[in-house]
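For reference, the structure is listed below as structure tokens.
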Amino acid sequence: MSDSRSPAVPGPSGSPLLDVDRITVRFGGLVAVSDLDLDVPEGTIVSLIGPNGAGKTTAFNCVSGIYAPSGGSVRFRGKRLERALTPGTILKALAVGLLTGLLFAAAAVDVDRMWMAVVKRGMITGEPFTLAGAVERLRGYFRSELAIDQMAGKWRVVSSDGADVLAIKRDLAEARLVRDALQAKVTARRIDPGTVPDPTDLGPSDEPQAAGVTLPPVKEEVLDRLAAGKSRIRFRGWSGLALGLILGTAGTLAVWQRGRRSPHVVARAGISRTFQNIRLFSNMSVLENVLVGLDRTIPGGVLAMLLRTPANVRGEAAARKKALEALGFVGLAGDANRIAGQLPYGDQRRLEIARALATGARLILLDEPAAGMNPSETADLASLIERIRDSGVTVLLIEHHMNVVMRVSDRVAVLDHGTKIAEGTPAEVRRDEKVIEAYLGGGE
Amino acid sequence: MFFLQQCLIGLTNGALVALVALGYTMVYGIIGLINFAHGDLIMLGACLALTLVGALGIAAGGGAATWAGVAALVLLCGLFCGGLNVAVDRIVYKPLRNAPKLAPLVSAIGVSFIFMNAGLFWLGPADRSFPDLVPSTNLLAHDGLQFTLKDLLVVLVVVPLMVGLSLLVRTTRLGKAMRAVSQDPVAAALVGVDVDRVIAATFFIGGFLGGAASVIYGLYINTIGFQMGFQNGLYAFTAAVLGGIGSIPGAVLGGLVIGLVRALSSAYVGERWTGAIVFAILIVILVFRPEGLLGRRTREKV
């Protein structure tokens, strides 16, 4: 187990439900939480207290997956709350990689010139467009073969990318002969002494047939460049493909890695929370707010929703019942159809708790639930928190109202400047010198 | 009578604008991104529609066969644009989800250029005429007033799509999740909503509506070109802002208003002033209602 270093003793129900193991959170140069160890045993209420800016909410954000800690780990029921790396993820990344690779390759071999060689030149010479012809011309482009195109009514023998013009003829047949003869010269140059001829170089049109054709003078360096064209274009194509494949796959995996510990994964595993500044869906009704958290319990996709299949209708009804139960639990059953934003402040806090509970969470994080409440509301809240624990849901609490903390907590951990300075039962913490110092003598 | 006729034209055109505006407003509503590529996405939808008309051999005047062909076009182009929109979200916008808002915005402009070049490649530089599959037969017995089969087609496609969309958003749990994510994505994720899936669904729906709009546009206007996305996108975006960006009924209202203003100003003032008048009205409305006609004042988020 990873908690061998952790000082906390396991709670009454055995191994801890939540095991925060030496997490550190940095924002730039600022260390918000450093080396925090915290165990939350199942079925207990654990409070996190400390002066403002002590890093309590940051710790919460880490547990609920909003921030990734820069060091350490968070385990819930012994598992790290992350999306598992499945073969599907890798396949998806490879597919994106392949697509990127093809795009890179197309760019590297110059897609514009390839288009010209494959489609446009065929149109210029007036051949009917066939797939076989296009494939042949595409292969010709990759073999870097000389081609023919037209300019101002005359036929030109050009390099496959159209960059070099080798001859200009009035007559198409003559131009074809010149092309074939020049191609033979270029091909001969590709085969260096002592190397094996490349079989793809030996096409029927490559045999010399210079009878009656006067070849235009072509500079040696141009011939050399043309001869090198084939390996150049292949090198570009393959390296573009490889580069794109690597970049695309790695990039997709990097993005996946970043979103691996996303809040919804944490929420679905069974951790839910409320916020210090209430974050309800304030334009939606009270019932809808709770239902959002129950959505994933309803079977069926979009089609099932629109067609209202029996399974979908049953699921909706069950979700509604559960949502109303949760509202009843916090005492808001009568307000189900009101707009959330119009509820009184204290009720909004309780609605947030209902929403968190309805997700079926095993652990609920409450971030200053009593903030802004009067003493009677605070007392109600304390008994609500106890009822939550008694219903079998573990509670991790941040709170400044010491009477709530001291009344409900089974254990209390004290944070100051991002480090834990004390932990123990409420009575132990109350007597701790460091705690008294941190609060400047203000226990309650 | 002339006035009524112009209103009819304006409303039909406006319905088309509204369909495109929905794509802007939904994406803005859910991730706060002005998806500048949306207009060009629709241009690509029109390219596919033109190609499909040839490939499927859809001919004019064939009665049931033509209508089935048009329905197939709407469906296929809708699926194509929806799928393409989701792919762009996954590849381009999703990695930038936590980046400052300007980063995805600039990427959207980049995607817009990529689409425009793809369209240039697909269609060629010149405008292409779109086959006139649906004739402009007047359906009204009245002489002075025209409501053609084409206008009916626009209504037949746009109205069910909008009704379906509003049902989806109001009554289904996907709609509930969409409203939740648009209000507070973090809180939604923390109660177990898969935010990325909801966003993908939104992109798909927006793209689907755009794909349907592209087919109707081709059939109604009969000319498509690789630059059509820019101007139509701009008008639709204007409609979305006018109605209150992020608000679905707002986009519909904004689209209809823009359509009316365009029709009336070209009829009474002159075609060349249409753009100026539309944008002047936009400015005046935004001075008095910065949140748009039906938009809500956005609360500051902490």
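Chains as they are written, first to last, in my numbering: chain A, 1 to 444; chain B, 1001 to 1302. Ideal placement from N, C-alpha and C gives every residue a C-beta, glycine not left out.
Span separating the alpha-carbon of residue i from that of residue j
i	j	result
glycine 97 of chain A	threonine 252 of chain A	8 angstroms
glycine 240 of chain A	alanine 188 of chain A	28 angstroms
valine 158 of chain A	leucine 146 of chain A	6 angstroms
serine 15 of chain A	valine 414 of chain A	22 angstroms
leucine 1048 of chain B	cysteine 1077 of chain B	7 angstroms
arginine 258 of chain A	isoleucine 1216 of chain B	41 angstroms
isoleucine 1245 of chain B	isoleucine 1030 of chain B	11 angstroms
cysteine 1007 of chain B	asparagine 1013 of chain B	10 angstroms
cysteine 62 of chain A	alanine 1187 of chain B	14 angstroms
glycine 244 of chain A	leucine 1234 of chain B	34 angstroms
aspartate 180 of chain A	leucine 215 of chain A	10 angstroms
isoleucine 66 of chain A	serine 1166 of chain B	32 angstroms
serine 1112 of chain B	alanine 1037 of chain B	4 angstroms
valine 266 of chain A	valine 74 of chain A	11 angstroms
leucine 94 of chain A	threonine 100 of chain A	10 angstroms
cysteine 1081 of chain B	alanine 1213 of chain B	10 angstroms
valine 109 of chain A	methionine 123 of chain A	21 angstroms
leucine 1168 of chain B	alanine 1071 of chain B	21 angstroms
threonine 57 of chain A	arginine 279 of chain A	14 angstroms
alanine 354 of chain A	phenylalanine 1279 of chain B	47 angstroms
glycine 301 of chain A	tyrosine 439 of chain A	53 angstroms
leucine 1145 of chain B	isoleucine 1205 of chain B	35 angstroms
alanine 1141 of chain B	leucine 1123 of chain B	39 angstroms
phenylalanine 142 of chain A	lysine 230 of chain A	7 angstroms
aspartate 380 of chain A	glycine 1207 of chain B	49 angstroms
tryptophan 1273 of chain B	asparagine 1232 of chain B	17 angstroms
methionine 114 of chain A	threonine 130 of chain A	16 angstroms
arginine 952 of chain B	arginine 236 of chain A	Absent from the structure is residue 952 of chain B, since the part of chain B shown begins at 1001 and ends at 1302.
Neighbourhood of residue i by C-beta, 6 angstroms cutoff - its chain only, sequence neighbours within 5 removed
i	result
alanine 270 of chain A	Here the sequence assigns glycine to residue 270 of chain A, which means alanine is not the residue at that position. If we look at glycine 270 of chain A and ignore the five residues flanking it on each side, its Cβ neighbours are Ala361, Arg362.
threonine 425 of chain A	none
glutamate 423 of chain A	Ala413
alanine 1177 of chain B	Val1193, Val1198
valine 118 of chain A	Ala134, Arg137, Leu138
serine 272 of chain A	Ala356, Thr359, Ala361, Ile364
valine 330 of chain A	Arg350, Ile353, Ala354
Segment limits, beta strand (DSSP E) that includes residue i
i	result
threonine 24 of chain A	16–27
glutamine 150 of chain A	147–151
threonine 1051 of chain B	That residue, threonine 1051 of chain B, is in no beta strand (DSSP E); its alpha helix (DSSP H) goes 1038–1056.
glutamate 423 of chain A	419–424
valine 395 of chain A	394–398
lysine 154 of chain A	154–158
Same chain, Cβ closer than 8 angstroms to residue i, neighbours up to 5 away in sequence not counted
i	result
alanine 319 of chain A	Leu291, Leu294, Asp295, Thr297, Ile298
isoleucine 1285 of chain B	Leu1242, Gly1292, Leu1293
alanine 254 of chain A	none
serine 6 of chain A	Residue confidence is low: serine 6 of chain A scores 37 on pLDDT, short of 50, so the model does not pin down where it sits. Its coordinate-derived value is still stated next. The answer, listed in chain order, is Asp19, Asp21, Asp37, Asp39.
glycine 140 of chain A	Ala117, Ala147, Ser160
Limits of the alpha helix (DSSP H) - the one that residue i falls within
i	result
leucine 241 of chain A	220–258
glycine 71 of chain A	Per DSSP, glycine 71 of chain A belongs to no alpha helix (DSSP H); it is in the beta strand (DSSP E), 71–76.
isoleucine 1281 of chain B	1274–1288
glycine 334 of chain A	Premise fails: glycine 334 of chain A is in no alpha helix (DSSP H) and is neither H nor E.
alanine 84 of chain A	Note, alanine 84 of chain A: premise wrong, no alpha helix (DSSP H); not H, not E.
isoleucine 1114 of chain B	1102–1123
Integer Cβ distance of residue i from residue j, believed to fall under 8 angstroms
i	j	result
arginine 490 of chain A	leucine 17 of chain A	Any question about residue 490 of chain A goes unanswered here, given that chain A covers just 1 to 444.
phenylalanine 1226 of chain B	leucine 1120 of chain B	4 angstroms
tyrosine 1093 of chain B	phenylalanine 1237 of chain B	The pair is not a contact, with the Cβ atoms about 17 angstroms apart (cut-off 8 angstroms).
leucine 1041 of chain B	phenylalanine 1115 of chain B	6 angstroms
phenylalanine 282 of chain A	alanine 333 of chain A	Here the sequence assigns serine to residue 282 of chain A, which means phenylalanine is not the residue at that position. Contact flag wrong, Cβ pair sits at about 20 angstroms.
lysine 185 of chain A	leucine 223 of chain A	6 angstroms
leucine 384 of chain A	leucine 48 of chain A	With a Cβ gap of about 18 angstroms, leucine 384 of chain A and leucine 48 of chain A do not count as contacting.
valine 46 of chain A	serine 285 of chain A	About 33 angstroms; that fails the 8 angstroms criterion.
Neighbourhood of residue i by C-beta, 7 angstroms cutoff - its chain only, sequence neighbours within 5 removed
i	result
alanine 358 of chain A	Val290, Gly293, Leu294, Lys322, Ala323, Ala326
glycine 194 of chain A	In this prediction, glycine 194 of chain A scores a pLDDT of 47, lower than 50, which makes its location untrustworthy; no coordinate-derived value is stated.
Test: residue i CB closer than 7 angstroms to a CB of chain D
i	result
arginine 296 of chain A	Judged by its chain identifiers, the structure shown contains no chain D, and its protein chains are A and B.
### Query
Of the residues that make up the segment 1186–1200 of chain B, which ones have a beta carbon closer than 8 angstroms to any beta carbon in chain A?
Close to chain A, meaning a Cβ-Cβ distance shorter than 8 angstroms, are the following residues of the segment 1186–1200 of chain B: Val1186, Ala1187, Ala1188, Ala1189, Leu1190, Val1191, Gly1192, Val1193, Asp1194, Val1195, Asp1196.
### Task
Residues of the segment 234–268 of chain A with a CB closer than 7 angstroms to any CB of chain B: list them in chain order, please.
If you check each beta-carbon in the segment 234–268 of chain A against every beta-carbon of chain B, the ones closer than 7 angstroms belong to Val255, Ser262, Pro263, His264, Ala267, Arg268.
### Message
For the segment 1038–1056 of chain B, list every residue whose C-beta sits within 8 angstroms of some C-beta in chain A, in sequence order.
### Response
Among the residues of the segment 1038–1056 of chain B, none has a Cβ less than 8 angstroms away from any Cβ of chain A.
### Task
Closer than 9 angstroms, Cβ to Cβ, to anything on chain B: give me those residues from the segment 62–89 of chain A, in chain order.
Residues of the segment 62–89 of chain A that bring their beta carbon within less than 9 angstroms of a beta carbon in chain B comprise Ser64, Gly65, Ile66, in sequence order.
### Query
Between the segment 1015–1030 of chain B and chain A, which residues of the former have a C-beta closer than 7 angstroms to a C-beta of the latter?
Per Cβ criterion, the list is empty.
### Task
Identify each residue in the segment 272–286 of chain A for which the Cβ-Cβ distance to at least one residue of chain B is less than 8 angstroms, and report them in chain order.
Taking 8 angstroms as the Cβ-Cβ cut-off against chain B, the residues of the segment 272–286 of chain A that qualify are Ser272, Arg273, Phe275, Asn277, Arg279, Leu280, Phe281, Ser282, Asn283, Met284.
### Query
When you check each C-beta in the segment 1145–1174 of chain B against every C-beta of chain A, which residues fall closer than 9 angstroms?
Taking 9 angstroms as the Cβ-Cβ cut-off against chain A, the residues of the segment 1145–1174 of chain B that qualify are Gly1164, Leu1167, Leu1168, Thr1171, Thr1172, Arg1173, Leu1174.
### Query
Just by C-beta distance, which residues in the segment 137–171 of chain A are closer than 9 angstroms to chain B?
Per Cβ criterion, the list is empty.
### Message
Please list, in chain order, the residues of the segment 1083–1116 of chain B that have any C-beta partner in chain A closer than 9 angstroms.
### Response
For chain A, the residues of the segment 1083–1116 of chain B that bring a beta carbon within less than 9 angstroms of one of its beta carbons are Arg1090, Ile1091, Lys1094, Pro1095, Arg1097, Asn1098, in chain order.
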